[in-house]
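Residue numbers (my numbering): 15 to 517.
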């Protein structure tokens, strides 16, 4: 904890750039955030608050990278994750206003080569179905995580089965936002990134926001990703999450100062310097409930006693103390974000964090809302929510137990599990014998060591622990061989009996 004590000493005042204001709701807010950052163990955090078309607070806390002294400020760059999705919806809304598309247009009318496994869904999927997570198409993060390009992901979707019927339920689906970004590109004749840069970033003055790896590489004052080590629990520096293959699902890097321009623009109903860059009707459409949810996916929303939780177009919707709230999180290996607005109070909050498993973002959002709504004496959100997540972590740890007994033997010689396995949607998986052990690879990004567990099951281990582990279970072909390997609940069919070797 010495590093966080140092951070707490260092950050108060030094990383802040907030407007001097007589707004009493934010009295001593910098101290509150500094204490919360230390309590939660966040390496670094940036937060900004906008109220009545003014920046009421913008500051940084902690460091860009643990072990180094560069502090976070309001201009520091973070990965914003799925808060990118709102920019996809806004881009499509602008195209709707120009008459180039309609919200209810069929996707295949603008992407003629688009296919999913179900012919009916292929034919009837609408643009809003891409955006409200009601497509029913099975999720496919493993496709782009393994390194498939957007073009390859689009082709693979032709093999994506339905997890449920079209518009019959809600299921978060990054692949549909990848498609939505490619739809923007198809309609405009230029990459999705170009549209966002020229039609949103540049007019709004979001000069620190970047959309490509080349842009990111030349930036200064940028955060480093951190993830708790599985053995020690300590925050550890990891590879920065370059997920540009995910396209519209989450590719933006930005600062809280840049995001204040975005939030003020939204809260002004799309107005910029006296002109409507987009109509209030478009923003209303984005913030209208298009899909309902049986329960909120965030423990923070449950603690807030929200009665309604749904999804608009790139935004979560909920009630908060009787007020309409729109928000979205962003989560990608070692980085986290949240954007929340109370439109009827002209109030918005953005929080960026360079650490995974640090759920302070919801606490700070609710804390700001309570301070402006007059409920700041009711609850200390940081303390209360940390207790909730500590209980969740303790329960998860309690469910993990080591088995020191002798594992049942595998049914085949170790080399028999090696080979090539394929899934039409998720691609090829190779298992190789290397130094008397098995190594599993998927695409250009994923590599795991396989450790025998029991029978025909193996545990996956990787030095890139932030990518997760899991297990592989093999299926017999009833002829003394293997027919498939199941990973993450997905069956990959074995297509050869060879023993691939490295190199």
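For each residue, glycine too, the CB sits at the ideal point set by N, CA and C.
Euclidean distance between Cα positions of residue i and residue j
i           : j           : result
residue 50  : residue 370 : 15 angstroms
residue 36  : residue 48  : With a pLDDT of only 42 at residue 36, under 50, the local geometry of the prediction cannot be trusted, and no value is derived from it.
residue 160 : residue 42  : 45 angstroms
residue 406 : residue 136 : 40 angstroms
residue 235 : residue 69  : 21 angstroms
residue 379 : residue 275 : 18 angstroms
residue 267 : residue 337 : 30 angstroms
residue 61  : residue 452 : 45 angstroms
residue 322 : residue 494 : 54 angstroms
residue 390 : residue 486 : 49 angstroms
residue 464 : residue 54  : 34 angstroms
residue 148 : residue 183 : 6 angstroms
residue 360 : residue 301 : 14 angstroms
residue 479 : residue 78  : 21 angstroms
residue 206 : residue 288 : 27 angstroms
residue 38  : residue 254 : 38 angstroms
residue 499 : residue 506 : 5 angstroms
residue 414 : residue 408 : Because residue 414 sits at a pLDDT of 48, beneath the cut-off of 50, its placement in the model cannot be relied upon, and the following sentence gives the value as read from the coordinates. Cα to Cα, the separation comes out at about 10 angstroms.
residue 445 : residue 454 : 4 angstroms
residue 133 : residue 168 : 16 angstroms
residue 250 : residue 272 : 27 angstroms
residue 84  : residue 208 : 31 angstroms
Given residue i as reference, the closest of the options once Cα atoms are compared
i           : options            : result
residue 519 : 471, 258, 445      : Absent from the model: residue 519. The displayed extent of the chain is 15 to 517, so no value can be given.
residue 95  : 130, 444, 367      : 367
residue 170 : 178, 127, 144      : 127
residue 163 : 189, 437, 449, 144 : 189
residue 139 : 124, 120, 147      : 120
residue 311 : 343, 286, 453      : 343
residue 101 : 285, 389, 198      : 198
residue 122 : 196, 79, 182, 231  : 196
residue 64  : 207, 356, 237, 78  : 356
residue 66  : 281, 392, 289, 351 : 281
residue 518 : 506, 88, 315, 253  : A query on residue 518 cannot be resolved here, the shown segment of the chain reaching from 15 to 517 and no further.
residue 187 : 156, 317, 118, 273 : 156
residue 450 : 384, 427, 456      : 427
residue 504 : 482, 446, 510, 437 : 437
residue 313 : 104, 401, 84       : 401
residue 425 : 458, 468, 457      : 468
residue 130 : 446, 439, 249, 286 : 439
residue 141 : 443, 191, 385, 80  : 191
residue 112 : 202, 243, 86       : 202
residue 212 : 108, 381, 158, 246 : 108
residue 71  : 56, 482, 221, 382  : 382
Proximity below 8 angstroms, CB of residue i to CB of residue j
i           : j           : result
residue 241 : residue 347 : yes
residue 176 : residue 153 : no
residue 98  : residue 362 : no
residue 403 : residue 373 : yes
residue 364 : residue 238 : no
residue 332 : residue 315 : yes
residue 457 : residue 510 : no
residue 447 : residue 429 : yes
Same chain only: Cβ atoms within 7 angstroms of residue i, ignoring 5 sequence neighbours per side
i           : result
residue 227 : 256, 258
residue 491 : 497
residue 283 : 294, 297
residue 200 : 124, 125
residue 484 : 474, 501, 502
residue 166 : none
residue 210 : 101, 105, 225
residue 265 : 98, 225, 257, 258
residue 358 : 337, 338
residue 278 : 64, 67
residue 215 : 223
6 angstroms Cβ shell around residue i - same chain, five flanking residues per side excluded
i           : result
residue 306 : 324
residue 496 : 488, 508
residue 59  : 51, 75, 76, 367
residue 377 : 395, 396, 399
residue 180 : 135, 150
residue 193 : 144
residue 476 : 462
residue 24  : With a pLDDT of only 38 at residue 24, under 50, the local geometry of the prediction cannot be trusted, and the value read off the model is given with reservation. Excluding sequence neighbours, residue 24 sits near nothing in its chain.
residue 460 : 160
Whole-angstrom C-beta distance between residue j and residue i, which should lie under 8 angstroms
i           : j           : result
residue 304 : residue 326 : 6 angstroms
residue 387 : residue 335 : 6 angstroms
residue 353 : residue 341 : 6 angstroms
residue 317 : residue 217 : The pair is not a contact, with the Cβ atoms about 38 angstroms apart (cut-off 8 angstroms).
Close Cβ partners of residue i (< 8 angstroms) along its chain, the five nearest in sequence each way excluded
i           : result
residue 27  : Residue confidence is low: residue 27 scores 37 on pLDDT, short of 50, so the model does not pin down where it sits. Its coordinate-derived value is still stated next. Contacts found: 44.
residue 345 : 95, 96, 351, 370
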